[in-house]
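In full-length UniProt numbering, the protein residues as written are 1 to 70.
The next block holds one structure in the form of structure tokens; read it before the comments.
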């Protein structure tokens with residue numbers, strides 16, 4: 001699974017893309033995106049949907065967000 005780079009998009013488009021994908025997430029499926037920073041406003045929304053998330057550093061100043069069904 002290669003993360004999709006969303007760093008070139010203006011807010012709130014990355015958040016909308018991630019929330020839409022979270023709505024369609026299947027069991028045992030993990031999705032990933034590269035973001036310029038931790039998406040703090042997005043995290044409570046994912047938690048409310050029962051979505052687990054984790055982060056890794058992207059190595060170039062950004063972060064990689066992984067989501068899966070909790």
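Cβ atoms here follow ideal geometry from the backbone N, Cα and C, with glycine treated the same way.
Because the structure is a prediction, the values reported are computed rather than measured.
Among the bridge pairs identified by DSSP, residue 68 is matched with 30 and 52.
Our two residues, residue 17 and residue 25, have alpha carbons roughly 12 Å apart in a direct line. Under the 10 Å beta carbon count, residue 59 is surrounded by fewer than 16 other beta carbons and is classified as exposed. Its Cα nearest to that of residue 9, the residue 34 stands out among 34, 46 and 51.
Of all alpha-carbon atoms in 44, 62, 52 and 11, the one lying nearest the alpha-carbon of residue 38 is that of 62. Residue state for residue 5 is assigned as strand, using DSSP reduced to three classes. Between residue 52 and residue 68, the C-beta spacing is below 7 Å.
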